[in-house]
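Worksheet: the structure to be examined is printed underneath.
There are 2 protein chains.
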Amino acid sequence: MRQNSHGPIGVFDSGVGGLTVLKSLMAHLPHESTVYLGDTARVPYGTKSGEVVTRYSLKNAEFLLEQGVKLLVVACNTASAVALPALEAALPIPVVGVIAPGARAALARTRGGGVGVIGTPGTIRSGAYQRALEAADAKVRVKSRACPLFVPLAEEGWTTGDVPLLTAREYLAEFAREGVDTLVLGCTHYPLLKGVIAEVVGPKVALVDSAEATAQAVAALLTERGGLASAGHAAPTHAYYVTDVPERFVEVGARFLGRPIPAAEQVDLTF
Amino acid sequence: MRQNSHGPIGVFDSGVGGLTVLKSLMAHLPHESTVYLGDTARVPYGTKSGEVVTRYSLKNAEFLLEQGVKLLVVACNTASAVALPALEAALPIPVVGVIAPGARAALARTRGGGVGVIGTPGTIRSGAYQRALEAADAKVRVKSRACPLFVPLAEEGWTTGDVPLLTAREYLAEFAREGVDTLVLGCTHYPLLKGVIAEVVGPKVALVDSAEATAQAVAALLTERGGLASAGHAAPTHAYYVTDVPERFVEVGARFLGRPIPAAEQVDLTF
């Protein structure tokens, strides 16, 4: 299947977290236009059921398809964990989630000492990382743990100090004890808490986030299918949509994206 | 207006928190049937905009109206703070929120030393408690603070220990310093954190939650309008609806309601 190489890349997340994936995409594929949708009226996904997250993901994808996207990136670990098969079945374009690239990146880093996975309750309950890791390496030892308070801590901006440190200790002590050598940050909010996570698990554990690996997977897929935008065809554009009012997204999102977000448009997908 | 005294009382909240209000209602009005709706597919409301919370509240009310309720209790502080005028304008039945009863309860407790209010970002940003307190007593001194991490802490069941205590210190130190004598727990989740909150603000500060006061307001309103169910007419029934899958609501909800929830039915209001 040869893709239309002029359409933008569509990216959705439950909120601002997926902007870390968009940031990596922009760095790897500077000629590509993008359309980002943050479902801020229904955030978070990580504490909701797979059924509800799948329903929301299909709505998000439908909206992005209407914007003419040539490829969909599911930049939310929870949605990638539970809704990828439904999205692939429903959409006429390629769909890339963050779980498989994150799992591959973890396997490239581990030295055989076991891989830890942390994420939202929805992601961990789904077992998606476990399956992706074991599919690529049947012998890998995987240990998973849901860390529900990490998302509100990152959203609140409490990324250093006693509260995040003690919270990280409560969640991660078992990883430090049982010895994994690689820890997958299986939620796009968690890189903001890298400092306290690293302090708890120690310098011998490699922290892996899937933003970088996902961007590489998208680049490889578009190259293989002849779908890359050509340099100089037209200056790339970057559009942002949200389902709640845009002010907070624009403000907080800049921290995740690493550059200002000029504007975001509110759309209603709750029909 | 004379109410139909046979219909149930409708109660909605963004999730499980409003069950503390339902618990007080059941204690005060043991002959009344109730229908509770927890909007668990869109929880939380406290971090979302007034516009979105109002839209969800109207959907919830519409569903409860279809169940034949004679009166609506908005058992969510955020929805009471931002959506009450829209609900009152749209509905043909009386609507009771938790803010005005909570404010009255606080004024009955304060000894002139100032009233503190804590709640979600949405509730505090709305200024609804401040307005309700000042409307009843123009001279009252009010100090407000949003405590966004209290809801995820209560949901996670982390209600004792270092993390909730240090979090409460961070949020509440200013109340201890500046001396209020009464603190309104302006979110239905916060009573679960009463222990650490009391430890931080000290024994001289009265903690007020609005569940009790709201139940009294409902009883007074129904009595005044002749809408009370008569004892012995029929055994009261209690129905529970949620918008996400019911398992977690049934399990966690029992802690908030103080009795088992036999079953909850899932309904889709996201059309």
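So the sequence lines, in the order shown, correspond to chains A and B.
First residue of the first sequence? That's 1 in UniProt numbering, and the numbers climb one at a time after it.
First residue of the second sequence? That's 1 in UniProt numbering, and the numbers climb one at a time after it.
A virtual CB, placed ideally from N, CA and C, is assigned to each residue, including glycine.
Note that the structure is a prediction, hence the values are computed from the model and not measured.
What residue range is occupied by the uninterrupted beta strand (DSSP E) comprising Y45/A? From DSSP, Y45/A is part of no beta strand (DSSP E); its letter is neither H nor E.
Using a cut-off of 7 Å between C-beta atoms, extract the partners of K48/A located in chain B. The answer, in chain order, is A41, D244.
Restricting to Cα atoms, I'd like to know which of I9/B, G10/B, L22/B, P8/B is closest to G253/B. The residue with the shortest Cα to Cα distance from G253/B is L22/B.
Distance, E251/A Cα to A154/A Cα: Rounded to whole angstroms, A154/A to E251/A spans 14 Å at the Cα level.
Starting from the C-beta of G258/A, find all residues in its chain whose C-beta is less than 6 Å away, skip the five residues before and the five after it, and write them out in chain order. So the qualifying residues of the chain are K23.
How is H238/A classed by DSSP in three states: helix, strand or coil? Here H238/A sits in strand by DSSP.
Rounded to a whole number of angstroms, what is the C-alpha to C-alpha distance between G68/A and A108/A? Rounded to the nearest whole angstrom, the CA to CA distance from G68/A to A108/A is 35 Å.
What first and last residue would you give for the beta strand (DSSP E) that runs through R145/B? Taken as a continuous stretch (DSSP letters only), the beta strand (DSSP E) holding R145/B covers 142-146.
Could you tell me whether any Cβ in chain B is nearer than 7 Å to the Cβ of D162/A? Cβ-Cβ to chain B under 7 Å: yes for D162/A.
Return helix, strand or coil for T223/B, following the three-state DSSP convention. T223/B falls in the helix class under three-state DSSP.
By the DSSP assignment, the beta strand (DSSP E) with T182/B in it spans what residues? In the DSSP assignment, T182/B falls within the unbroken beta strand (DSSP E) covering 182-186.
Same chain, Cβ closer than 6 Å to R2/B, neighbours up to 5 away in sequence not counted: With a pLDDT of 45 at R2/B, under the threshold of 50, the modelled position of that residue is not reliable, and the figure given next carries that caveat. G226.
Measuring only the C-alpha atoms, how far is A138/A from H233/A? Roughly 45 Å separates the two Cα atoms.
For H88/B, count neighbouring C-beta atoms within 10 Å of its own C-beta (all shown protein chains included) and say buried if the count is 16 or more, exposed if not. The question names His, yet the displayed sequence has Glu at residue 88/B. Exposure of E88/B is indicated by the presence of fewer than 16 other C-beta atoms within 10 angstroms of its C-beta.
Beta-bridge partners of R206/A, as assigned by DSSP: The identity of residue 206/A in the sequence shown is Ala, whereas the question assumes Arg. Under DSSP, A206/A forms a beta bridge with T182/A.
Of all the CB atoms in chain A, is at least one closer than 7 Å to the CB of E167/B? Residue 167/B is actually Thr in this sequence, not Glu. For T167/B, at least one C-beta of chain A is nearer than 7 Å to its own C-beta.
Please state whether DSSP places D244/B in a helix, a strand or coil. Coil.
Mark G97/A as exposed unless 16 or more other C-beta atoms lie within 10 angstroms of its C-beta, in which case mark it buried. So G97/A counts as buried.
Would P44/B and S80/B qualify as a contact pair, given that the criterion is a beta-carbon distance under 7 Å? Taking 7 Å as the cut-off, the beta carbon of P44/B is found no closer than this to the beta carbon of S80/B.
Report yes if the CB atom of T182/B is closer than 7 Å to the CB atom of A213/B, and no otherwise. Taking 7 Å as the Cβ cut-off, T182/B and A213/B do not qualify as a contacting pair.
Measuring alpha carbon to alpha carbon, tell me which residue in V163/A, I93/A, A86/A is nearest L221/A. A check of alpha carbon separations from L221/A across V163/A, I93/A, A86/A identifies I93/A as the nearest.
Please name the residue, chosen from E178/A, V151/A, A229/A, that lies closest to L193/A on a Cα-to-Cα basis. Closest option to L193/A, judged by alpha-carbon separation, among E178/A, V151/A, A229/A: V151/A.
Using a C-beta cutoff of 7 Å, does R2/B count as contacting chain A? Reliability of the predicted coordinates at R2/B is poor, the pLDDT of 45 falling under 50, and the value obtained from them is presented with this limitation in mind. With 7 Å as the cut-off, R2/B does not count as an interface residue toward chain A.
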